[in-house]
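Right, one structure below, let's go through it.
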Amino acid sequence: SCKSVTTLFPKCPLGATMSAHLAAIALLATGLSVFLLVQLFPAQVSTESRNLRQQPLSREVLSSSGNRQCPVDALSAEEGDHDAGVALRRQLVQKWAPEGSADTWDALVPMHTAAAWNSPTVWDIYAPTYGCHRPLHVGGVGSSAWDKSFPLESKAVCNPEQLSREERCVIYSFGVGWDTTFEISMLRFAPHCKVRVFDPTTTAEKFWQLVKAQTPDGEEPPRAPALDFVQVGLAAETSDNYREGMLWNNKESINVMTLADIMKKQGDEALTILKVDIEGSEWTALPEAVQSGAMAKVDQLLLEVHMAGCESGYSEHGRGKLTRLLDTLETAGMRSFSNIPNLVPVSKGNYPGCAEYAFVNKNGPFVTRSCGV
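FYI, the numbering for the sequence shown is 1423 to 1795, going by my numbering.
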């Protein structure tokens, strides 16, 4: 046979070279044919993805895998990819951080300075480590009458078709602010879910006004008991005089509970989705939820992290805290499959120090029974 050494083209007899050229042309023609077929006859998955945004989930859109357990070798391969991702994250910190320490990096190159946003940025290094067969952005679209000066945010959900397979579906949403579009959208996708919204900085009256104003045109706003509101926050302790984090609406202190205590009070043994946007309190509330064992009972975690550079109130949160938070969440089985920097602060002259992370529990049904096969 004719072998190449270090040059682009091997030194071969003329006949062998012509044969190789003909083989290359044939391979190119085959590839072009496959490309044209894909363009002319697109896969059905694309259509289903569009339909998921427009109507409730039903068993007609489920993948052919049904509700069967995923093969062990497939799950092991995904976990191997995660381990490799974590190893790379640690290697990058060793390479780019002064003295190989994220805490030293924070001290010498704070995230509220321009130098911190030269490549690689924090979001490059602390990238997702896990794959999701079918991620979908949920929320972020309100009614035509909604004031566009208040931005709406979507959240990344992994394999949402699994929702309709689960008889038990409980969604907790901590921190709603002025945006209820995620909660409205989740009930459109899976009407059988129980969605509970928790926010100590607003009132039930204002919450229901938001729901009505942001429900898409021509649809009825969701109501209790499918959607409910509780005026309490998530924290590392249960207290009626909590002062940590950035408190909105001129609040000096708020009522808070730990995740385990809230689940006990609500009568929920496990959570399908946990959405957390609690303005800096996540750095203590989530490690406590891991320690108590509550986080291990969560199938998906949708989390906005608030760090220095995003707004002045988050100056004490940096790469070191993010390192420890990710390590802690991973011990509870959480695997990050998405991180999207929040660019709203940039439009106000700040830096993108906040980001939306999405995690899926490696032991939950969105992984073990959502193989995409």
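Note that beta-carbon positions come from the ideal geometry of N, C-alpha and C, so glycine has one too.
For clarity, every value in this text was computed on a predicted model and none was experimentally measured.
Residues bridged to residue i (per DSSP)
| i | result |
| --- | --- |
| F1620 | F1596, V1652 |
| V1695 | Inspection of the sequence shows that residue 1695 is occupied by Ile rather than by Val. Paired residues: I1593, Q1722. |
| K1577 | V1560 |
| I1676 | Y1664 |
Cβ separation of residue i and residue j, assumed to be a contact under 8 Å, to the nearest whole Å
| i | j | result |
| --- | --- | --- |
| M1756 | G1740 | That belief does not hold up - the Cβ atoms of M1756 and G1740 are roughly 21 Å apart, past 8 Å. |
| K1743 | K1577 | Their Cβ separation, rounded to whole angstroms, is 22 Å, which puts K1743 and K1577 out of contact at 8 Å. |
| L1723 | F1781 | 4 Å |
| G1731 | N1772 | 6 Å |
| Y1779 | S1758 | 6 Å |
| I1676 | P1622 | 4 Å |
| D1721 | I1700 | Not confirmed; about 20 Å, so no contact. |
Residue burial classification, residue i (beta-carbon count within 10 angstroms, cutoff 16)
| i | result |
| --- | --- |
| V1712 | buried |
| G1786 | buried |
| V1456 | The pLDDT assigned to V1456 is 42, lower than 50, so where the model puts this residue is not dependable, and the model offers no usable value. |
| S1769 | exposed |
| R1494 | The sequence shown places Val at residue 1494, not Arg. The residue in question, V1494, is exposed, as its Cβ has fewer than 16 Cβ neighbours within 10 Å. |
| G1689 | exposed |
| P1613 | exposed |
| N1761 | buried |
| L1530 | exposed |
| L1656 | buried |
| G1775 | buried |
| P1582 | buried |
| Q1584 | buried |
| Q1636 | buried |
| N1663 | exposed |
| S1734 | exposed |
| A1777 | buried |
| T1625 | exposed |
| E1659 | exposed |
| T1603 | buried |
| L1459 | Caution applies to L1459, whose pLDDT of 45 falls short of 50 and renders its modelled position unreliable; the model cannot decide the point. |
Candidates the options, of which the one nearest residue i by Cα
| i | options | result |
| --- | --- | --- |
| D1650 | L1574, D1528, R1618, C1591 | R1618 |
| W1568 | G1735, E1674, V1633, T1551 | V1633 |
| A1718 | S1703, K1686, T1753, V1698 | T1753 |
| F1788 | D1528, A1658, P1557 | P1557 |
| V1678 | V1598, C1615, L1497, F1620 | F1620 |
| Q1745 | Q1491, V1560, R1512, H1504 | Residue identity check: residue 1745 is Thr in the sequence provided, not Gln. Ranking Q1491, V1560, R1512, H1504 by Cα distance to T1745 puts R1512 first. |
| Y1552 | E1704, A1496, L1681, L1514 | A1496 |
| N1540 | A1519, P1550, T1526 | A1519 |
| D1546 | S1566, L1514, C1554, H1559 | L1514 |
| V1560 | A1646, P1550, V1579 | V1579 |
Min CB distance residue i to chain B below 9 Å
| i | result |
| --- | --- |
| E1500 | The chain labelled as chain B is not found in the depicted structure, where only one protein chain is given. |
**Prompt:** What runs of the beta strand (DSSP E), each 3 residues or longer, lie entirely inside the segment 1710–1782?
**Reply:** 1720–1728, 1756–1763
>> If we require 4 or more residues per run, which alpha helix (DSSP H) segments fall completely within the segment 1493–1556?
In response: 1494–1518, 1524–1530, 1544–1547
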